[in-house]
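Enquirer:
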Amino acid sequence: MSSGYDRVVQPAAGDEALENHLGGDEAKNYRQYEFDMVAPHVGRSMLEIGSGLGHFAEQFLPRLDRLVVSDFDPYCVEQLEKRFAGRDEIGVLQFGLPTEIPLEDKVDTVVMMNVLEHIEEDAEALRSLARVTQPGGRIIIWVPGYPQLYGDFDRKVGHVQRYTPKTLGRTVARAGLDAEVLKPINFLGGIAWWAAVRRGGVGYPDPRLVKIYDRTVVPLTRLIERFVRPPFGQTVFCVARVPQEK
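Quick note: the sequence shown uses full-length UniProt numbering, first residue 1, plus one each step.
Below, the structure written as structure tokens:
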């Protein structure tokens, strides 16, 4: 049976891809928010799933001994090979999950940003990743949150589902992993998304509104979440630990 990841309607291929409009120059604060959430949990060797054009993974290079980037889309893989050509400490792989990942030496960290929601066999996908992660290592998962926010945008980019902490926790447990961190984040972003996409009927985020959101809502969200655990959010964030070998 093929996975949802094999049937992505609009992969993150190229600068004009739908999902890429939520970041880049239009959302620098949001991209920094992503990095600051993920970075404390990253070790010395990292495999990123769905690397796209490599912007996110590249930020981790100063703290890594080894980086492996990957994507399912041929265009992205081609661009990754060009971007990191001549870098012996950086590998480039092409595969779709779930699969046996062609990685000889295990990594201590796997990062998947907005990937798992594309995959129908999500628990099996995580098992594939666990097999190439060192015992005690981490799989960091960033996914769109809450079915109430599912709309035309999700369908256009090939999202199989949106998660809650409970549903993502069940998937992580089925994969044999232990959830070390599991929480909703970006509370204000979730409200804004619901208002614009669900109530407002917008099928695609307006880049102009993305800029405004990035300059105003993201900094306020980060401030609030330093002191309060939100009950809901645009995103569900999980750090799953691969069990130690007995």
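Where a beta carbon is used, it is the ideal one built from N, C-alpha and C, also for glycine.
Can you tell me which of the three DSSP states residue 264 falls into?
Expert: This structure cannot settle anything about residue 264, because the visible part of the chain is limited to 1 through 246.
Enquirer: When the Cα atoms are used, what is the spatial distance from F56 to P40?
Expert: Computed Cα separation, rounded: 15 Å.
Enquirer: G43 by DSSP, collapsed to three states: which one?
Expert: G43 falls in the coil class under three-state DSSP.
Enquirer: Between the region 67-78 and the region 37-53, do at least 3 Cβ pairs fall closer than 8 Å?
Expert: Yes: the two stretches touch, three or more of their Cβ pairs being nearer than 8 Å.
Enquirer: Measure the Cβ-Cβ separation of D178 and R226 and say whether it is below 8 Å.
Expert: Not a contact, by the Cβ cut-off of 8 Å.
Enquirer: Going by C-alpha distance, which of E34, G145 and G176 is nearest P135?
Expert: Closest by alpha carbon: G176.
Enquirer: Name the DSSP beta bridge partners of M37, please?
Expert: DSSP lists no partner for M37.
Enquirer: V242 lies in the beta strand (DSSP E); which residues open and close that run?
Expert: Premise fails: V242 is in no beta strand (DSSP E) and is neither H nor E.
Enquirer: Per DSSP, which one or two residues make a beta bridge with L142?
Expert: Just to set this straight, residue 142 is Trp in the shown sequence, not Leu. DSSP lists M113 and F237 as partners of W142.
Enquirer: Rounded to whole angstroms, what's the CA-CA distance from T164 to G86? Just pull it up for me.
Expert: Straight-line Cα distance between these residues: approximately 41 Å.
Enquirer: Using 10 angstroms around the beta-carbon of Q79, count the other beta-carbons present and answer buried if the total reaches 16, otherwise exposed.
Expert: The residue is buried, with at least 16 neighbouring Cβ atoms inside 10 Å.
Enquirer: At what residues does the beta strand (DSSP E) containing I90 begin and finish?
Expert: I90 to Q94 is the extent of the beta strand (DSSP E) around I90.
Enquirer: Exposed or buried, P147, counting other C-beta atoms within 10 Å across all chains shown (16 or more means buried)?
Expert: With fewer than 16 other Cβ atoms within 10 Å, it is exposed.
Enquirer: Taking the CB atoms as reference points, tell me whether Q234 and L182 lie closer together than 8 Å.
Expert: No, Cβ-Cβ distance for Q234 and L182 is not below 8 Å.
Enquirer: Using a 10 Å radius around the Cβ and a threshold of 16 neighbouring Cβ atoms, would you call residue 254 buried or exposed?
Expert: Residue 254 lies beyond the range of the chain shown here (1 to 246); nothing can be said about it.
Enquirer: Using the rule of at least 16 other Cβ atoms within 10 Å of the residue's Cβ for burial, across every protein chain shown, is Q161 buried or exposed?
Expert: Q161 should be labelled buried.
Enquirer: How far does the beta strand (DSSP E) with K183 in it extend, from its first residue to its last?
Expert: Its beta strand (DSSP E) spans residues D178 to I185.
Enquirer: Exposed or buried, what is V228 when buried is set at 16 or more other beta-carbons lying within 10 Å of its beta-carbon?
Expert: Exposed, by the Cβ-count rule.
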